[in-house]
Each structure stands twice: as structure tokens, then as C-alpha cells.
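Visitor:
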Amino acid sequence: MNFNRHELIAAILLAAWCCVPSGSFADEPKLETATFGGGCYWCVEAVFQRIDGVSNVRPGFMGGRIENPTYRQVLTGRTGHVEVIQLEFNPDVVNYETLLQVFWRTHDPTTKNRQGPDIGPQYRSVVFAHTDQQEDVAEQYKRLLNRQKAFRSPIVTSIERASTFYPAGSDHKDYFNRNPDKQYCQAYIVPKLKKLQELFPGQLK
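In terms of our numbering, the sequence shown has 17 at position 2, counting the first letter as 1, and numbering is strictly consecutive.
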């Protein structure tokens, strides 16, 4: 097959283009991980699923003594595990400080081992930090809110280093979106989402 000079150059450029890995022409966002426990993970999952820049929100367990805990085991309150959600976020769209603000404003961080009707250490308020920076930011923000008396009582949220995350079963994932009319969802999750819309309209998807 004979090519003229222009055809040869075009063929070389096309071959070079095809060999370039996807994403090489524009840096893909570097996602970071965050983990929060704020009562029943159905509630916390529904809240963070609606925040712009947040993806892959998944419920599970963290902080306990046994490996691969089941929901029933955690429900006893004797495993040390907490119901949490773990998510990925794009810091170019939403920063960690904003996630903390959403977290603290959409549950009651002043009650120990309880959120609404859900009682026990598995429902305690906790921030699991994945980096030194996350830990520092969370500690500073907590101190600031307490100094400002942002809540009627002091914040009791514990700030701990993240450990192994154990995903919940598939029947717990995307719970509100699949069961919006269930009594629990209407009574406890819908009010949180309304509050989210009122306080953070500019952060929603």
C-alpha cells in the first residue's frame, strides 16, 4: 500500500492517539475517602448520597473487635462496631470541612449512643479519620462548634482513626431510595433530607 507524505503523517498521528491511555489528556480527579457514624446508616447514607461531589456511598460497620460482623451481631451492641457509611468525595467539588458540617447538622451529635429510636453503642456519633489531616480538621472543627455553643449541649462525637470497613448486606444498601414509603423512612429519614435541603441547598446534586 502506498501512502503520500500527508497520509503517512495522518496515519502516524492516529496510531499515536489510539495508544494514549484514557484520561491522559485531562487529569482525573483524585478521590478521597471519608467514614461517618451518625446513628442508623440508612439515614446517613440517604443524606450523603445527595451531596454534590460525593460518590460510592455504602453502609457498613467499623471500629469493633470481630471480623466480618453480621447485622444481627452488631445489633446486639456487644461487638464494638458502629453502623457507618463510607464514601468517596472529590475535594475539587466538596471539601472535607463541608462533609463534616453536613454530618454534624443532620444528626444529633450531643447524645451518646442514641439517635432517635435507635439506642446502643452501635449508633454512637463518630468520625473515623483516614488521614492525619482529616483527624486534625475534625478535632479543630469540633472544638470550634463547642466554643461557639452551636448546639444546646456539648458535642460528644468521638474522632477515631479509621480501621477495617465491613460492608453491610445488599438489603441495607440504597435503603431509602428503594423504600421511601416505609414507616421508618418517612418518620426519620425524610425530615433529615428536608433539613439538608434547607441548610445546604448549594451543595446538593
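Ideal placement from N, C-alpha and C gives every residue a C-beta, glycine not left out.
Given the structure is predicted, the values throughout are model-derived calculations rather than measurements.
Please look up how many angstroms separate the CB atoms of residue 137 and residue 102, rounded, as I've assumed it's under 8 Å.
Guide: As a first step, residue 137 is located in the sequence shown; it is residue number 122 there, counting from the start. As a first step, residue 102 is located in the sequence shown; it is residue number 87 there, counting from the start. Contact doesn't hold; Cβ gap of about 19 Å is too wide.
Visitor: Considering residue 113, what are the terminal residues of the beta strand (DSSP E) in which it resides?
Guide: The residue you call residue 113 lines up with position 98 of the sequence shown. It is not in any beta strand (DSSP E) - residue 113 instead sits in the alpha helix (DSSP H) that spans 111 to 120.
Visitor: Could you tell me whether the stretch 147 to 163 touches the stretch 61 to 80, where touching means 3 or more Cβ pairs closer than 8 Å?
Guide: Touching, no.
Visitor: Got a sec? Which residues, its chain only, sit under 8 Å from residue 210 by beta carbon, not counting five neighbours each side?
Guide: By one-based count along the sequence shown, residue 210 stands at place 195. Result list for residue 210: 120 and 121, in chain order.
Visitor: Any idea if residue 53 is buried or exposed, counting beta-carbon neighbours within 10 angstroms, 16 or more meaning buried?
Guide: Reading the sequence shown from its first residue, position 38 is the one you call residue 53. So residue 53 counts as buried.
Visitor: Tell me whether residue 113 is buried or exposed, calling it buried when 16 or more other Cβ atoms sit within 10 Å of its Cβ.
Guide: As a position in the sequence shown, residue 113 is number 98, starting the count at 1. Buried: at least 16 other Cβ atoms inside 10 Å.
Visitor: For a minimum of 3 consecutive residues, which ranges assigned as the beta strand (DSSP E) are wholly contained in the stretch 114 to 160?
Guide: As far as the stretch 114 to 160 is concerned, its whole beta strand (DSSP E) runs of at least 3 residues are 140 to 144.
Visitor: Alpha carbon to alpha carbon, how far is residue 194 from residue 169?
Guide: Position 179 of the sequence shown, counted from the first residue, corresponds to residue 194. Position 154 of the sequence shown, counted from the first residue, corresponds to residue 169. Going by the C-alpha atoms only, they are around 34 Å apart.
Visitor: In three-state DSSP terms, what is residue 204?
Guide: Here residue 204 refers to the residue found at position 189 when the sequence shown is read from its first residue. It is helical.
Visitor: Going by DSSP, what residue range makes up the beta strand (DSSP E) through residue 101?
Guide: Taking the sequence shown and counting its residues from 1, one reaches residue 101 at position 86. From DSSP, the beta strand (DSSP E) with residue 101 extends over 97 to 104.
Visitor: Where does the unbroken alpha helix (DSSP H) through residue 49 begin, and where does it stop?
Guide: On the sequence shown, residue 49 is found 34 positions in, with the first residue counted as 1. Segment 47 to 53 is the beta strand (DSSP E) holding residue 49; no alpha helix (DSSP H) there.
Visitor: Rounded to whole angstroms, what is the Cα-Cα separation between residue 217 and residue 207?
Guide: As a first step, residue 217 is located in the sequence shown; it is residue number 202 there, counting from the start. As a first step, residue 207 is located in the sequence shown; it is residue number 192 there, counting from the start. Distance between the alpha carbons of residue 217 and residue 207: 16 Å.
Visitor: With distances taken Cα to Cα, identify the nearest neighbour of residue 140 among 78, 183 and 215.
Guide: Within the sequence shown, residue 140 is the residue found at index 125, counting from 1. Nearest C-alpha to residue 140: 78.
Visitor: Measure the Cβ-Cβ separation of residue 166 and residue 100 and say whether it is below 9 Å.
Guide: Within the sequence shown, numbered from 1, the residue matching residue 166 stands at position 151. Within the sequence shown, numbered from 1, the residue matching residue 100 stands at position 85. Cβ distance not < 9 Å, so residue 166 and residue 100 don't count as in contact.
Visitor: Identify, in the order they occur along the chain, each residue of the same chain with its Cβ nearer than 7 Å to the Cβ of residue 204, setting aside the five sequence neighbours on each side.
Guide: Walking along the sequence shown from the start, residue 204 turns up at place 189. Answer for residue 204: 57, 58, 61 and 191, listed in chain order.
Visitor: Tell me where the alpha helix (DSSP H) around residue 192 begins and ends.
Guide: In the sequence shown, residue 192 corresponds to position 177, counting from 1. First-last of the alpha helix (DSSP H) with residue 192: 190 to 193.
Visitor: Looking at the structure shown, is residue 44 part of a helix, part of a strand, or coil, going by DSSP?
Guide: The residue given as residue 44 occupies position 29 in the sequence shown. Coil.
Visitor: Could you name the residues that DSSP lists as bridge partners for residue 76?
Guide: If you number the sequence shown from 1, residue 76 lands on position 61. For residue 76, which the question treats as bridged, DSSP gives the partners 98 and 181.
Visitor: For residue 15, collect the residues of the same chain with a Cβ closer than 6 Å to its Cβ; drop the 5 residues on either side in sequence, then sort them by chain order.
Guide: Residue numbering for the chain in the displayed model covers 16 to 220; residue 15 lies beyond these limits and cannot be assessed.
Visitor: Please look up how many angstroms separate the CB atoms of residue 154 and residue 176, rounded, as I've assumed it's under 8 Å.
Guide: Start at 1 with the first residue of the sequence shown, and residue 154 comes out as number 139. Start at 1 with the first residue of the sequence shown, and residue 176 comes out as number 161. The pair is not a contact, with the Cβ atoms about 12 Å apart (cut-off 8 Å).
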